[in-house]
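Step one of this worksheet: look at the structure below.
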Amino acid sequence: MKSLWNSAEAAKFSGPLGPRVYTSRLLGRDKSLVLHGGGNTSVKLSEKNLFGERGEVLYVKGSGWDLETIEAAGFSPVKLDYVRRLASLRALSDPRMVNELASHTLQAGAPAPSVETLLHAILPYKYADHTHADAVLSISNAPDGARRMRDIYGDRVVVIPYVMAGFDLAAYCAREFPRRRKKNTVGMVLLSHGIFSFAASARESYELMIELVSMAERYLKSKKAWTIGLPPAAQRGFEREEVARLRHDASKAAGFPLLCRSHPTPRFLGFARHPAVARLSQSGPATPDHVIWTKPLPMLGRDVEAFSSSYRKYFGRNSKKTREPKTMLDPAPRMALDRDLGLAAFGLTARETGIVADIYDHTIDVILRAEALGGWTALDERHTFDIEYWDLEQAKLKKTDKPPAFTGEVVVVTGAASGIGKACAESFLKRGAAVVGLDRNPAIEDLWQRPDFLGLVCDLTKEKEIAAVVDRAVKQFGGVDMLVLNAGIFPASQSVQDIGSDMWRKAMTVNVEANLLVMQACHGLLKLAPRGGRIVVIGSKNVPAPGPGAAAYSASKAAMNQLARVTALEWGKNGIRINTIHPNAVYDTALWTDALLASRAKAYKLSVEAYKKNNLLKTEVTSRDVAELAAEMCGPLFAKTTAAQVPVDGGNERVV
Ligand SMILES: [Zn+2]
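Residues in the sequence shown are numbered from 7 upward in steps of one, following the working numbering.
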């Protein structure tokens, strides 16, 4: 591990917190040090209050901030002398500690100080850096972990046995650290948890962290426990309905829809097929911290019922021994190790499934290296339970704010690169869905850089391309719950006697057959949607009220309308509902240039403004209006409705 310190880069971080922000980010850049909100850093500064009185202020990472992207505002200033005294109390509950921290924060609106604040407060150094380094965890979870740490570091670090983070750990360290520290002490190892480094300057503290972790890495290398190969594992063909079934079962166990991301990579497949996977994976997490995301153990294989029943037993066993009554979390797995899927990660959001996979990716290293040192042993389940059911975590369950309506669900939107399709993608993202946007236009791939959006190029008239993108969607999110059939073409105006067979066929292929192919590819997935499958067809006013010169378009849209009605008849038994929206005169799409609008308005002897509102309600219909209705049609409001056709046209005389 190398120091990433760069003086030119460091100089850009000014102000009293500048160096603290910079080296915190450097730690955050290395995933083998900290993962997703893990780790924390602090600095102690002497500051004057409004009366000119000097006092020491501890700036410590606030919760909700990631080291990699932290800013000065991500550090909470707390009154150091008071907070330090707290660690000398005989006992203090963690909720009470959180209250004391919040009420001794010196800036309104600052984030909640880390639950490890007291630990930073008791260390008599200006800068303190704390990570959950993989290499340290491997050694710590091998036989004789404490002795090995002493062999590696001598007096340079104080080794602390495992104590749960929060008040108990801080109080323990407040007693033990001053007693055990030596002149050359520059760090502290917390067994099965992580490591601290500290110094008078940000750079020194950071570089000590790199040095201490490098020593652990060198130790592993010297014991031939650094690079551990996994048996080669060939990837089997991807069966999307198997994955959707697994996600369906996990969602059922959870009581709400979960996303599922599969990773059939050589590494995860190799670990899932490791001869000792049952022992290695079922002993516990690399550090109890991870359970908040991953639950204590991965599921082996796909038997969700067996996993849930064993989770209930784990809760029953451990909740009996707690002081406070505990509320059981859902018993669904958050990860599965499977011989064919590799790792399947479950979560409410795409961000969560990403975190779970990252954590397990690092856990595999920690496990295999500890195993090479003589045997991987995780902390016993009691410690894991204490973190998973920590009062502070349980308090979060009481928060009443509901997650967005489509949390944990997946929608596929066709023609999503622009216009109504793009607006639909936005409406579903806003409601918490993971969105797969399909389009012929390559711009779809970069439409948004966010974990809950997957943009894929696809020619929807080609069955093979559809199969490939649906597979990708299922690999990424675990299934398809909703389908918005929006892609379509509007051929140039032609009278019936002039229509070429090419144009006619093209309209039928894109506006009807492509939708049939997409629905067919998704049928098995929609059947397995935890809340039932939903399809929304973006139809047209031309279905009830065709226009002269638009025979191919009107006929194709009418054929699609009939296909939707038959689909409602046939797929109702599968719990799939299909409804149609008939928009009219949506002018904020790429189809309508200013020049075209002006010429159409002129033809009707209207101003552009009046032309846009040429309907019964004298209102303009936008892509967003159509998209919002499409999203609502997939929600609970329309839960009992199928085969409906709803106009969104401001009112049209010919339709009424
Ligand atoms: Zn920690």
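By construction, the Cβ of each residue, glycine as well, lies at the ideal position given by its N, Cα and C atoms.
Taking the alpha-carbon positions, what's the residue i to residue j distance?
i	j	result
Thr-47	Glu-451	37 Å
Ile-587	Cys-430	12 Å
Asn-567	Leu-635	17 Å
Asn-585	Gly-555	27 Å
Tyr-28	Leu-51	16 Å
Pro-101	Ala-440	35 Å
Pro-22	Gly-44	24 Å
Lys-132	Val-49	5 Å
Leu-462	Asp-445	7 Å
Val-195	Ala-205	15 Å
Leu-349	Lys-646	37 Å
Ile-361	Ser-220	25 Å
Arg-31	Leu-10	10 Å
Lys-227	His-42	27 Å
Trp-232	Thr-369	14 Å
Phe-434	Val-416	9 Å
Tyr-366	Met-155	24 Å
Arg-537	Asp-309	21 Å
Ala-97	Val-297	25 Å
Ala-134	Glu-213	11 Å
Cys-266	Gly-484	4 Å
Counting C-beta neighbours from all protein chains within 10 Å, is the total for residue i 16 or more, i.e. buried, or is it exposed?
i	result
Asp-508	exposed
Asp-157	exposed
Phe-57	exposed
Asn-190	exposed
Thr-111	buried
Met-488	buried
Pro-167	exposed
Lys-18	exposed
Arg-60	exposed
Thr-625	exposed
Tyr-610	exposed
Leu-73	buried
Met-334	exposed
Ser-211	buried
Glu-377	buried
Gln-721	Residue 721 lies beyond the range of the chain shown here (7 to 662); nothing can be said about it.
Ala-363	buried
Helix, strand or coil, according to DSSP, for residue i in the structure here?
i	result
Lys-680	Since the first and last residues shown for the chain are 7 and 662, residue 680 lies out of range.
Ser-99	coil
Leu-32	helix
Ile-145	helix
Ser-268	strand
Tyr-168	coil
Thr-300	helix
Met-155	helix
Asp-150	coil
Arg-91	helix
Tyr-317	helix
Leu-602	helix
Tyr-593	coil
Leu-435	helix
Met-7	coil
Asn-548	coil
Arg-285	helix
Pro-238	coil
Thr-420	strand
Thr-369	helix
Val-627	strand
Which residues does DSSP pair with residue i in a beta bridge?
i	result
Lys-85	Val-63
Thr-305	The sequence as given places Met at residue 305; Thr does not occur at that position. According to DSSP, Met-305 bridges with Ala-342.
Gln-500	Ala-556
His-588	Pro-653
Arg-540	Met-488, Arg-583
Met-194	Val-164, Phe-202
His-136	Asn-46, Phe-202
Counting Cβ pairs, one atom from each stretch, are 3 or more of them under 8 Å apart for the stretch 420 to 435 and the stretch 308 to 326? no
Could you tell me whether the stretch 346 to 364 touches the stretch 456 to 473, using the rule of 3 or more Cβ pairs below 8 Å? yes
Is it a yes or a no for the stretch 329 to 344 touching the stretch 297 to 304, going by three-plus beta-carbon pairs under 8 Å? yes
Does the pairing of the stretch 377 to 385 with the stretch 240 to 248 give three or more beta-carbon distances under 8 Å? no
Determine contact between the stretch 115 to 134 and the stretch 169 to 184, defined as no fewer than three beta-carbon pairs at a distance below 8 Å. yes
Using a Cβ distance threshold of 8 Å, determine whether the stretch 181 to 188 contacts the stretch 145 to 165, with at least three qualifying pairs required. yes
Does the stretch 508 to 517 come close enough to the stretch 468 to 479 that 3 or more CB-CB pairs lie under 8 Å? no
Check whether the stretch 595 to 612 and the stretch 556 to 575 touch, using three or more Cβ-Cβ pairs below 8 Å as the test. Flag = no, the stretch 595 to 612 and the stretch 556 to 575 do not touch.
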